[in-house]
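Peer 1:
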Amino acid sequence: MAAWPCGVRAEAPVRPFDPTASQAEFEVRLRLPIRSHGQFGRIEGELRPAPEQRLTVDVRLPARELRMGGPPWVQTVTHSAQFLDSANHPDIVFHSQPFSPQVLVSGGDIRGQLSIRDIRREVVFRVEPSACRQPGVTCPIQAAGTLNRHDFGMDAYRWSLRDEVSFRFQLKFADE
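Right under this line is the structure:
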């Protein structure tokens, strides 16, 4: 029975993330010298074995469950039809390309397709080096990435919001 550094056994079909122990954050930079952080109510996803002892990751964030901090208008703006349009596009989805399990231990980039507002773009999330030997089991897998909102059709509010938005993840596996 082969074990990967992240605690995933080669024969295991999938390792789902624990939606209560995992977190996903969203940050919008305002034109004012402040940032507004938000948190998704839950995160869904899984780590899957891929050919050649590699892994893929799938993450789904319910956009309607994003709760923004900061000025109250930021909550309205982020859910509006001109931004995330969460009423018509309820999910933000990431599907990675295959990557080495060592990335979860040593850190590194995970590339994949991110879909926001049903617009797909290639993005990169940077995984931080793990604080433990079994990331996702005894400590969270931490990853982050910044993207340009205009790449996903979020062109409104140029006078109040900067172009960059960021995602930050802390992922733990559900108990087997």
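Note that the UniProt record's numbering has the sequence shown beginning at 1, numbered continuously upward. Beta carbons are placed, not taken as given, at the ideal position from N, Cα and C, and that holds for glycine. Only a predicted model underlies this, so the values are computations on that prediction, with no experimental measurement involved.
1) Taking only the alpha-carbon atoms, compute the straight-line gap between D58 and W159 and give it to the nearest angstrom.
2) Taking the runs of the beta strand (DSSP E) that are 3 residues or longer, which of them lie wholly in the segment 46-123?
3) By Cβ distance below 6 Å, which residues in the same chain neighbour F169 in space, the five residues on each side in sequence not counted?
4) Mind checking which residues open and close the beta strand (DSSP E) that includes A143?
5) Thinking C-alpha only, which one of V105, S36 and A156 is nearest P135?
6) Since G70 and I92 should fall inside the 8 Å C-beta cutoff, what is the C-beta to C-beta distance between them, to a whole number of angstroms?
7) Per DSSP, which one or two residues make a beta bridge with Q170?
8) Rounding to the nearest angstrom, what Cα-Cα distance links E176 and T56 in this structure?
9) Could you give the DSSP three-state label for D163: helix, strand or coil?
10) Counting contacts by CB-CB distance shorter than 8 Å, is Q134 in contact with chain D?
11) Suppose contacts are defined by Cβ-Cβ distances below 8 Å. Is Q97 in contact with G112 by that definition?
12) Could you tell me the alpha carbon to alpha carbon distance between R37 and E27, rounded to whole angstroms?
13) Hey, V123 and R149: beta-carbon distance below 8 Å or not?
14) Over what stretch of residues does the beta strand (DSSP E) that includes S36 continue unbroken?
15) Relative to the C-alpha of C139, which residue among Q82, D18 and K172 is closest?
16) Taking just the CA atoms, how far does S130 sit from R64?
Peer 2: Put simply:
1) For the purposes of this step, residue 58 is identified with residue 58 of the sequence shown, where counting begins at 1. For the purposes of this step, residue 159 is identified with residue 159 of the sequence shown, where counting begins at 1. Spanning the two alpha carbons is a distance of roughly 34 Å.
2) 54-62, 66-68, 91-96 and 108-116
3) For this step, residue 169 is matched to residue 169 along the sequence shown. Excluding sequence neighbours, F169 sits near A24 and A143.
4) For the purposes of this step, residue 143 is taken as residue 143 along the sequence shown, with counting starting at 1. Where A143 is concerned, the enclosing beta strand (DSSP E) stretches over I141 to N148.
5) On the sequence shown, position 135 is the one that residue 135 refers to. The residue with the shortest Cα to Cα distance from P135 is V105.
6) Stepping through the sequence shown from its first residue, residue 70 is reached at position 70. Stepping through the sequence shown from its first residue, residue 92 is reached at position 92. G70 to I92, Cβ: 19 Å. No contact.
7) In the sequence shown, counting from the first residue as 1, residue 170 sits at position 170. In DSSP, Q170 forms a bridge with Q23 and Q142.
8) Walking along the sequence shown from the start, residue 176 turns up at place 176. Walking along the sequence shown from the start, residue 56 turns up at place 56. If you take the alpha carbons of E176 and T56, they lie about 19 Å apart.
9) Counted from its first residue, the sequence shown places residue 163 at position 163. Strand, per DSSP.
10) Of the chains in the structure shown, none is chain D; there is only one protein chain.
11) If you number the sequence shown from 1, residue 97 lands on position 97. If you number the sequence shown from 1, residue 112 lands on position 112. Yes, these two residues count as a Cβ contact at 8 Å.
12) In the sequence shown, residue 37 corresponds to position 37, counting from 1. In the sequence shown, residue 27 corresponds to position 27, counting from 1. Checking the displayed sequence, the identity of residue 37 turns out to be His instead of Arg. Between H37 and E27, the C-alpha separation is close to 4 Å.
13) Here residue 123 corresponds to residue number 123 of the sequence shown, with the count starting at 1. Here residue 149 corresponds to residue number 149 of the sequence shown, with the count starting at 1. Not closer than 8 Å, so no.
14) Taking the sequence shown and counting its residues from 1, the one referred to as residue 36 is at position 36. Start and end: R35 to F40.
15) As a working mapping, residue 139 is identified with position 139 in the sequence shown. C139 has its Cα closest to that of K172, out of Q82, D18 and K172.
16) To locate residue 64, count along the sequence shown from 1; it is residue 64. To locate residue 130, count along the sequence shown from 1; it is residue 130. Cα-Cα distance, rounded: 31 Å.
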